[in-house]
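Participant: Got a structure here, written out as structure tokens. Questions coming.
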Amino acid sequence: MSLRNAQHGTCALLAAAWRRVSRLGSHHVNFVSLHYAYFIFVSLFSSVVFWLLSAPKLSVAYVDSLFMVVSGVTETGLNTVDLSKLTTAQQVLLCLLMICGSAVWVSIWLVSARKRSFRRLLARNGLSRPPLDRRQGVHVPYPGAYQNASDSEAREAKATEGDAEPFEGLSVQASRLSPPAPLGSRNRRLLNPGSEQALGEPLEEPTPNPLAFLTSKNMGRNGDFINLTAEERIQVSSIEYKALQLLSLVVPLYFTLWQVLGCLGLGAWIATNQPRPALENGINPWWLGIFNGVSAFNNSGMSLLDANMVPFQAAYYVLVTMGLLILAGNTAYPIFLRFLLWSVLKVLHVFPEGPLVTEWRSTLEYILRYPRRVYTNLFPTQHTWWLAFMVLMLNGIDWAAFELLNIGNPVISAIPFGPRIMDGLFQAVAVRSGGFYIVPIAKTHIGLQVLYVIMMYISVYPVIITMRNSNVYEERSLGLFAVESTKDEEYVDTYAKALRSLRTRRLFISQQIRGQLADDIWLLALATFIITVIEAPHFAEDPVSYSVFNIIFEIISAYGCVGISVGSPGANYSFCGGWRAGSKLVVCLVMLRGRHRTLPASLDYAVRPAGKNIQQEVLEEHH
């Protein structure tokens, strides 16, 4: 009996331990961990394929194969072999890896996954059909849309007393029979719960606003909805599902059209006007245009030409097109995307009222008002303007430094004045993330090289700080705003005002910068130390080429996923191409870590599946 009891107790302990391990595993499986797993798996699998595709067979060492695929999928662009000497299959593989590693590509799948999770959530709550039956033009009510009318009226009355506006401009459908009204009058009309309408009858009166319950009392900063009932959360989820539906259409179109049009334009121009550089490298001019277009949009910096972009110093069309692709795919992506959605909304206001027009117009208004609830790379108006200012300022500094510091530099002075100005602008755009170089970096002024190190290091700061500053849950995770009681309306008012204070925002940004520096410095210092130890024999042979500054430049370029390099002595590939195998493996780790420092936090609402109670999770983590 005692043996049986012991066995039973042991089984119970093992079962309890397994449940604890399972809970621990599920807790750590989040967006960031899945992102790491995706990049590591793709890198390891592709490295073997890349290695086997080399000609002669296995002529490219496996370490170089691993380095090239990691550089491609992380959008770094450093290369340890000349791309012109690779087989066409290897070049195609690198092109596909640049696409698969793009932040926009990853976000497409994130939006798709969240859309499916919202669909399941709505199905579990009895919403098997979409909110709008397009075949009949009939409004399908949200749960409780016509219930508790007195509660809705009370909430609406409260909205007039608060210091923030309730949500306006959002209605699942307006009447087909009512003429278009000015935006202000339409918003006031939508806030009115209105009259009830039986399902299936023609709609002659405006339908209730499904989100009229959002008032100053339950709306925090950045779309933080506080004190919502389960029914109200379902109503929010239904409109967010439609927002994700729209983004799942717009973002892939944006991703595809920019690259298709850019690649075709570059290929046609190079094949028609300047095919010689491609032909001298054994590359088809059309293929060069396609590869460079994909590389530019995804901010890889790889080029099939051994001299990168140097042969196109006077090719204005190529430089302007690739510069726009660099901005559209990375640093200015949130700016361009918001402008696109805003433009579509303005166009929809021109169309007459109708079920479909009103539906998508309402969805766009929700996305533009609460962008960080639905997408990681779409920011509110104020944050978007700040990001645009930072992009212009940093690029302007790089441009001015290129022109001023290189005065008297024979390599730069040899370029005619007009192309030199355009080259400086292109290099300014490319140095922060694009990775292309229009002049040999080692030939530029040493002060400019130091500036490039700084710019490569801070390249992600504007976007990542904007991303986290526009997400209230990230601030709570830092302990800045721990909500202890959501029932006290007076405290909620104080909390909302504190979120809007300039001092609070400055505190948050400073904490972000300090935290980012703390994460970065130890890795960069360790990588520099290990590589300098491994490359000590090279330093003894050639202390100028293998100087510590050049090593730091290469490491920062890898960590920033930029890809510009001082070059390897007597070769066309990157400086790290002349390093030993151990150093190349260290750089691979640096590139992988650098690619993931741009990710939103795992607490970010825009990366969480539907139905997760984020506020409760944050409170639990701080208690």
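Residues in the sequence shown are numbered consecutively from 1, following this note's numbering.
Where a beta carbon is used, it is the ideal one built from N, C-alpha and C, also for glycine.
What you are looking at is a predicted structure, and each value in this text was computed from that prediction instead of being measured.
1. Buried or exposed, going by whether 16 or more other CB atoms sit within 10 Å of the CB of Glu240?
2. Report back the beta-carbon spacing between Val463 and Ile552 to the nearest angstrom; my notes put them in contact at under 8 Å.
3. Return yes when the Cβ of Asn572 is within less than 8 Å of the Cβ of Asp64, no when it is not.
4. Asn395: buried (16+ other C-beta within 10 angstroms of its C-beta) or exposed?
5. Look at Asn550 and Val566 and say whether their C-beta atoms are less than 8 Å apart.
6. CB of Met322 to nearest heavy atom of the ligand HEM: below 7 Å?
7. Ala606: buried (16+ other C-beta within 10 angstroms of its C-beta) or exposed?
8. Could you tell me if Thr376 is buried or exposed, where buried requires 16 or more neighbouring beta carbons within 10 angstroms of its beta carbon?
9. Got a sec? Which residues, its chain only, sit under 8 Å from Gly578 by beta carbon, not counting five neighbours each side?
10. Alpha carbon to alpha carbon, what distance is there between Gly293 and Leu345?
11. Pick out whichever of Arg608, Phe297, Ser238 has its Cα sitting closest to the Cα of Leu125.
12. Which word fits Met455, buried or exposed, when buried means at least 16 other C-beta atoms lie within 10 angstroms of its C-beta?
13. Using 8 Å for Cβ pairs, my map puts His383 next to Ser470. What's the rounded Cβ distance?
14. Tell whether a beta-carbon distance below 8 Å holds between Leu319 and Leu305.
15. Would you kindly check if the distance between the Cβ of Thr598 and the Cβ of Val460 is under 8 Å?
16. What is the DSSP secondary structure of Arg608, counted as helix, strand or coil?
17. Please report the residue range of the alpha helix (DSSP H) in which Gln313 lies.
18. Out of Pro56, Phe529, Leu247, state which residue places its alpha-carbon closest to the alpha-carbon of Trp624.
19. Are Leu78 and Ser46 close, meaning C-beta to C-beta below 8 Å?
20. Where do the N-terminal and C-terminal ends of the alpha helix (DSSP H) with Gln274 fall, by residue?
21. To the nearest angstrom, report how far apart Gly69 and Lys584 are at their CA atoms.
22. If you run the structure through DSSP and keep just helix, strand and coil, what is Ala164?
23. Quick one: give me the first and last residue of the alpha helix (DSSP H) that Cys95 is part of.
24. Between the beta-carbon of Val374 and the beta-carbon of Ala243, is there less than 8 Å?
25. Do Gly329 and Phe291 have their C-beta atoms within less than 8 Å of each other?
26. Which residues bound the alpha helix (DSSP H) around Asp64?
27. Would you give the residue range spanned by the alpha helix (DSSP H) that Ile108 belongs to?
28. How is Asn469 classed by DSSP in three states: helix, strand or coil?
29. With contact counted as at least three CB pairs below 8 Å, one residue from each stretch, are the segment 522-529 and the segment 388-407 in contact?
30. Can you give the beta carbon distance from Ile335 to Leu387, rounded, assuming they're within the 8 Å contact cut?
31. Within the continuous alpha helix (DSSP H) that includes Asn299, where are the two ends?
32. Within the same chain, show all residues whose beta-carbon is closer than 6 Å to that of Ile441, passing over the 5 residues directly before and after it, in chain order.
33. Once you ignore the five residues that flank Ser557 on each side, which residues in its own chain have a CB closer than 7 Å to its CB?
34. Can you give me the Cβ contacts of Leu340 inside the same chain, cut-off strictly under 8 Å, excluding the 5 residues immediately before and after it?
35. Assign Val29 to one of two classes, buried (16 or more other C-beta atoms within 10 Å of its C-beta) or exposed (fewer than that).
36. What number of angstroms, rounded off, separates the C-alpha of Asp542 from the C-alpha of Val587?
Facilitator: Result, derived from the coordinates:
1. Here residue 240 corresponds to residue number 240 of the sequence shown, with the count starting at 1. Buried is the call here.
2. Translated into the one-based positions of the sequence shown, residue 463 becomes position 463. Translated into the one-based positions of the sequence shown, residue 552 becomes position 552. 23 Å between Cβ atoms; not a contact.
3. Residue 64 sits at position 64 when you count from the first residue of the sequence shown. Residue 572 sits at position 572 when you count from the first residue of the sequence shown. No, the pair does not count as a contact, with Cβ atoms beyond the cut-off.
4. Here residue 395 refers to the residue found at position 395 of the sequence shown. It counts as buried.
5. Taking the sequence shown and counting its residues from 1, one reaches residue 550 at position 550. Taking the sequence shown and counting its residues from 1, one reaches residue 566 at position 566. Yes. Within cutoff.
6. In terms of ligand content, the structure shown is empty, and the ligand HEM therefore cannot be addressed.
7. What you label residue 606 is simply residue 606 of the sequence shown in a count that begins at 1. Its Cβ being crowded by 16 or more others within 10 Å, Ala606 is buried.
8. Sequence index remark: in the sequence shown, residue 376 carries index 376 (1-based). It is buried - the Cβ of Thr376 has at least 16 other Cβ atoms within 10 Å.
9. Counting from one through the sequence shown, the residue named residue 578 turns up at place 578. Same-chain partners within the cutoff: His538, Ser568, Pro569, Ala571.
10. Taking the sequence shown and counting its residues from 1, one reaches residue 345 at position 345. Taking the sequence shown and counting its residues from 1, one reaches residue 293 at position 293. Taking the straight line joining both Cα atoms gives about 29 Å.
11. Sequence index remark: in the sequence shown, residue 125 carries index 125 (1-based). One point to set straight first is that residue 125 is Asn, not Leu, in the sequence displayed. Comparing Cα positions, the closest option is Ser238.
12. The residue you call residue 455 lines up with position 455 of the sequence shown. Met455 is buried by the Cβ-count criterion.
13. Sequence index remark: in the sequence shown, residue 383 carries index 383 (1-based). Sequence index remark: in the sequence shown, residue 470 carries index 470 (1-based). So it is a contact: roughly 5 Å between Cβ atoms.
14. In the sequence shown, the residue the question calls residue 319 occupies position 319. In the sequence shown, the residue the question calls residue 305 occupies position 305. Going by C-beta atoms, Leu319 is not nearer than 8 Å to Leu305.
15. Reading the sequence shown from its first residue, position 460 is the one you call residue 460. Reading the sequence shown from its first residue, position 598 is the one you call residue 598. Cβ atoms of Val460 and Thr598: closer than 8 Å.
16. Residue numbering aside, residue 608 sits at position 608 when the sequence shown is read from its first letter. Note: Arg608 maps to coil in three-state DSSP.
17. As a first step, residue 313 is located in the sequence shown; it is residue number 313 there, counting from the start. Segment: none, Gln313 is in no alpha helix (DSSP H) and carries neither H nor E.
18. What the structure shows of the chain is the stretch from 1 to 623, and residue 624 is not part of that stretch, so it cannot be assessed.
19. By one-based count along the sequence shown, residue 78 stands at place 78. By one-based count along the sequence shown, residue 46 stands at place 46. Cβ atoms of Leu78 and Ser46: not closer than 8 Å.
20. Locating residue 274 in the sequence shown gives position 274, counting from the first residue. No alpha helix (DSSP H) holds Gln274; DSSP gives it neither H nor E.
21. Working through the sequence shown from its first residue, we reach residue 69 at position 69. Working through the sequence shown from its first residue, we reach residue 584 at position 584. Residue identity differs from the one stated: residue 69 is Val in this sequence, not Gly. Cα to Cα, the separation comes out at about 12 Å.
22. On the sequence shown, residue 164 is found 164 positions in, with the first residue counted as 1. Only weak support exists for where Ala164 lies, its pLDDT of 39 falling under 50; the coordinates are left without a value.
23. Within the sequence shown, the letter at position 95 stands for residue 95. Note, Cys95: alpha helix (DSSP H), 88-100.
24. Residue 374 sits at position 374 when you count from the first residue of the sequence shown. Residue 243 sits at position 243 when you count from the first residue of the sequence shown. Taking 8 Å as the Cβ cut-off, Val374 and Ala243 qualify as a contacting pair.
25. Within the sequence shown, numbered from 1, the residue matching residue 329 stands at position 329. Within the sequence shown, numbered from 1, the residue matching residue 291 stands at position 291. The answer is no: Cβ separation not under 8 Å.
26. Sequence index remark: in the sequence shown, residue 64 carries index 64 (1-based). Here the alpha helix (DSSP H) through Asp64 covers 62-73.
27. For this step, residue 108 is matched to residue 108 along the sequence shown. Run containing Ile108: 103-124, per the alpha helix (DSSP H) assignment.
28. Here residue 469 refers to the residue found at position 469 when the sequence shown is read from its first residue. If DSSP states are grouped into helix, strand and coil, Asn469 belongs with the helices.
29. no
30. Walking along the sequence shown from the start, residue 335 turns up at place 335. Walking along the sequence shown from the start, residue 387 turns up at place 387. Contact flag correct, Cβ pair sits at about 6 Å.
31. Indexing the sequence shown from 1 puts residue 299 at position 299. Where Asn299 is concerned, there is no enclosing alpha helix (DSSP H), given that its DSSP letter is neither H nor E.
32. As a working note, residue 441 is residue 441 in the sequence shown. Cβ neighbours of Ile441 beyond the five flanking positions: Ile564, Val566.
33. The residue you call residue 557 lines up with position 557 of the sequence shown. Result list for Ser557: Leu78, Met456, Gly563, Ile564, Ser565, in chain order.
34. Taking the first residue of the sequence shown as 1, we reach residue 340 at position 340. Closer than 8 Å at Cβ, skipping near neighbours: Val250, Tyr254.
35. Stepping through the sequence shown from its first residue, residue 29 is reached at position 29. Exposed, by the Cβ-count rule.
36. Looking up residue 542 in the sequence shown gives position 542. Looking up residue 587 in the sequence shown gives position 587. Cα to Cα, the separation comes out at about 21 Å.
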